[in-house]
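Residue numbers (the numbering used here): 119 to 353.
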């Protein structure tokens, strides 16, 4: 599935394109919102099609859109109506019910709060601070079954400053943590995907600033591979 986003005065237009048959679906889930958005793809409603999880870069909103019909499944403010900052989003089956759950983290300017909402009715599953509450640089989030136990782990990266990656279990308990790319002040984005098809997700980490770097870690946070996907001069 390929996703493209076009922002206009009437709000962002999202197009999903099937890369096999080129079938496209286009929808506007945030009418009137003119800011940037963050997105993740995950099968939230369990129908076999990946849905679109959207976090706004301001106003503190999350919208989940049915990837098959374009209808809104959920729309809510995960950090309360008083939070007007950005929300970064991810998805993965945390509670092992066959539906991807909704993982959200605050953007720059607030303490590193992370929450997980279930894919059935958007009820809160867990809530925790990924790092010290004095850290205000924002967090990037993802989720996936890293150790093969059937329950997804929550992976959180610092969005600015020292590139720290932390893994939490389904209840929000810290499992492992590392600093990627040495002591660079790049911030990181994080993803989980089973790259070698062994039933365990690998942790993929990418720099957000400076030279574009990727690193892949296994369940024990052991480095498997690191490379420059766009060359040494990329920014």
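The beta-carbon is built from N, C-alpha and C at its ideal position, and this holds for glycine as well.
Quick caveat: nothing in here was measured; it's all calculated off a predicted structure.
Using a Cβ distance threshold of 7 Å, residue 221 and residue 258 do not count as a contacting pair.
Beta-carbon to beta-carbon, residue 244 and residue 229 are separated by about 16 Å, too far to satisfy the 8 Å threshold.
A straight line joining the alpha-carbon of residue 318 with that of residue 336 spans about 8 Å. Counting C-beta atoms within 10 angstroms of its own C-beta, residue 262 has 16 or more neighbours from the protein chains shown and is therefore classed as buried. Excluding sequence positions up to five before and after residue 172, its CB lies within less than 6 Å of the CB of 155, 157 and 181, all in the same chain and listed in chain order.
The beta strand (DSSP E) runs of length 3 or more contained entirely in the stretch 193-252 are, from start to end of the chain, 205-210, 219-224, 231-235 and 242-247. Excluding five sequence positions before and after residue 233, the CB atoms of its chain that fall closer than 6 Å to its own CB belong to 196, 222 and 245, given in chain order.
Bridge partners of residue 320 according to DSSP: 311.
Note on residue 344: under 16 other CB atoms within 10 angstroms of its CB, so exposed under the neighbour-count rule. Straight-line spacing of the CA atoms in residue 269 and residue 304 works out to 30 Å. Note: residue 169 is bridge-paired with 160 in the DSSP secondary-structure output.
Rounded to whole angstroms, the Cβ separation of residue 333 and residue 341 is 6 Å, and the two are in contact under 8 Å. Around the beta-carbon of residue 138, fewer than 16 other beta-carbon atoms lie within 10 Å, marking it exposed. For residue 342, the enclosing beta strand (DSSP E) starts and ends at 341-345. Excluding sequence positions up to five before and after residue 175, its CB lies within less than 6 Å of the CB of 153, 154 and 204, all in the same chain and listed in chain order.
Between the alpha carbons of residue 313 and residue 321 lies a gap of roughly 9 Å. In this structure, residue 286 and residue 272 form a Cβ contact; the two beta carbons are roughly 4 Å apart against a cut-off of 8 Å.
In the DSSP assignment, residue 293 falls within the beta strand (DSSP E) that extends over 292-297.
A distance below 7 Å between beta-carbons, with the five flanking residues on each side excluded, links residue 160 to the following residues of its chain, in chain order: 168, 169, 171, 209, 210 and 218.
Annotation for residue 177: no beta strand (DSSP E) segment contains it, and DSSP assigns it neither H nor E. Residue 274 is positioned such that its CB atom lies no closer than 7 Å to that of residue 298. According to the DSSP assignment, residue 137 belongs to no beta strand (DSSP E), since it is labelled neither H nor E.
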